[in-house]
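Notes to accompany the following structure.
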Amino acid sequence: MKKAFLSLPSAALALALAAGLSYADDHKKQDIVDTAVAAGSFKTLAAALQAADLVDALKGDGPFTVFAPTDEAFANLREGTVESLLKPENKDQLVDILTYHVVSGEVPANVAVTLDKATALNEKVISVTKKDDGLFLNESKVVKTDIMCSNGVIHVIDAVLLPPAEGEASSAPSRPARELVEMAIARGAPLYNHGNPEACAAIYEVTAHALMAMPDEMVTARDRQMLNRAVAAVSHSHCEATNAWTFRSAFDRMMTSR
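Numbering-wise, the sequence shown is residues 44 to 301 according to this note's numbering.
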């Protein structure tokens with residue numbers, strides 16, 4: 044089993060993760076729910092907690108560590124997903140998703156960066172990865188840390204964590220998805236290598252959208268979320284070489300999923 048503790052984070056990463064400390068210093072500590080509501084950027088999360096009857100639990104003694112998706116993170120889910128999850132008949136699924144954002148105990152940023160995984164309240168594992176540009180939980184980036192509460196701590200993330208399905212043996216892409224990615228790389232890579240990153244990026248973007256349009260049984264929720272992040276990143280970039288590599292990185296991570 045891989046050790047839970049890794050090397051100490053770089054100074055740059057440590058400084059970035061410490062940026063959230065000032066928030067706690069300037070505010071009297073409230074419980075996790077009241078803190079999230081007061082922040083104003085977690086309206087969807089608050090509504091989901093209420094629909095799932097988890098408000099009282101997260102107002103309890105704890106301590107808890109909550110990875111809180113912003114309203115924008117929920118908005119980036121597939122159209123209609125949030126509305127569907129808030130329906131009474133989908134309460135069990137909503138509870139599973141929300142408890143996948145909570146870890147028992149208080150895990151501050153300086154501890155989180157030493158982990159390679161964490162077990163959520165729903166007993167499913169969250170992958171923790173330290174990269175040059177920050178800390179990631181599965182495919183979600185931690186954008187603010189150490190919002191200290193009376194019963195735990197909140198870390199803000201930029202994408203909703205989607206738990207693996209029950210009995211999911213592998214997160215590898217389906218054969219049709221894999222073949223589509225292989226074809227895109229076979230066509231795009233030579234174009235990039237011969238000085239045409241724009242054409243390469245265009246092929247990759249079409250492929251990404253095609254993958255996201257595939258049925259759920261062909262593309263996992265995690266891969267779909269990763270592709271959505273790549274599309275969003277490219278929409279704000281004017282560098283075709285960077286765009287090509289953004290998509291290629293997403294494809295490579297899909298192909299190596301297990």
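Ideal Cβ placement from N, Cα and C applies to all residues, glycine included.
The residues 137, in chain order, have a CB closer than 6 Å to that of residue 128 in the same chain once the five nearest residues on each side in sequence are set aside.
Apart from the 5 residues on each side of it in sequence, residue 145 sits with its Cβ closer than 8 Å to the Cβ of 101, 107, 108, 109, 110, 163 and 164 in its chain, given in chain order. With a cutoff of 7 Å on beta-carbon distance, residue 280 and residue 271 are scored as not near each other. Under the three-state reduction of DSSP, residue 188 is assigned to strand. Partner residues in the beta bridge of residue 108, as assigned by DSSP, are 146 and 196.
Taking C-beta atoms under 8 Å as the contact rule, residue 151 and residue 196 qualify, at a distance of about 6 Å. Within the model, the alpha-carbon separation for residue 114 versus residue 199 is close to 11 Å. The C-alpha of residue 183 is placed about 18 Å away from the C-alpha of residue 153. With respect to residue 220, residue 168 sits apart: the two C-beta atoms are not nearer than 7 Å.
Under the three-state reduction of DSSP output, residue 86 falls in the helix class.
By a beta-carbon distance limit of 8 Å, residue 290 contacts residue 244. Their separation comes to about 7 Å. DSSP places residue 163 outside both helix and strand once states are collapsed to three, so it counts as coil. One alpha carbon belongs to residue 181, the other to residue 175, and they sit about 15 Å apart. The Cβ-Cβ distance between residue 170 and residue 160 falls below 7 Å.
Fully contained in the region 265-301 are the following alpha helix (DSSP H) runs of length 4 or more, in chain order: 283-298.
Per DSSP, reduced to three states, the secondary structure at residue 72 is coil, with no helix or strand assignment.
DSSP, read as helix, strand or coil, puts residue 170 in strand. Less than 7 Å divides the Cβ of residue 192 from the Cβ of residue 72. Distance check between residue 269 and each of 95, 235, 296 and 78 places 296 closest, using alpha-carbon atoms only. Close CB contacts of residue 235 within its chain, under the 6 Å cut and outside five residues either way in sequence, are with 243 and 287 (chain order).
Taking C-beta atoms as the reference points, residue 255 and residue 267 count as a pair closer than 7 Å.
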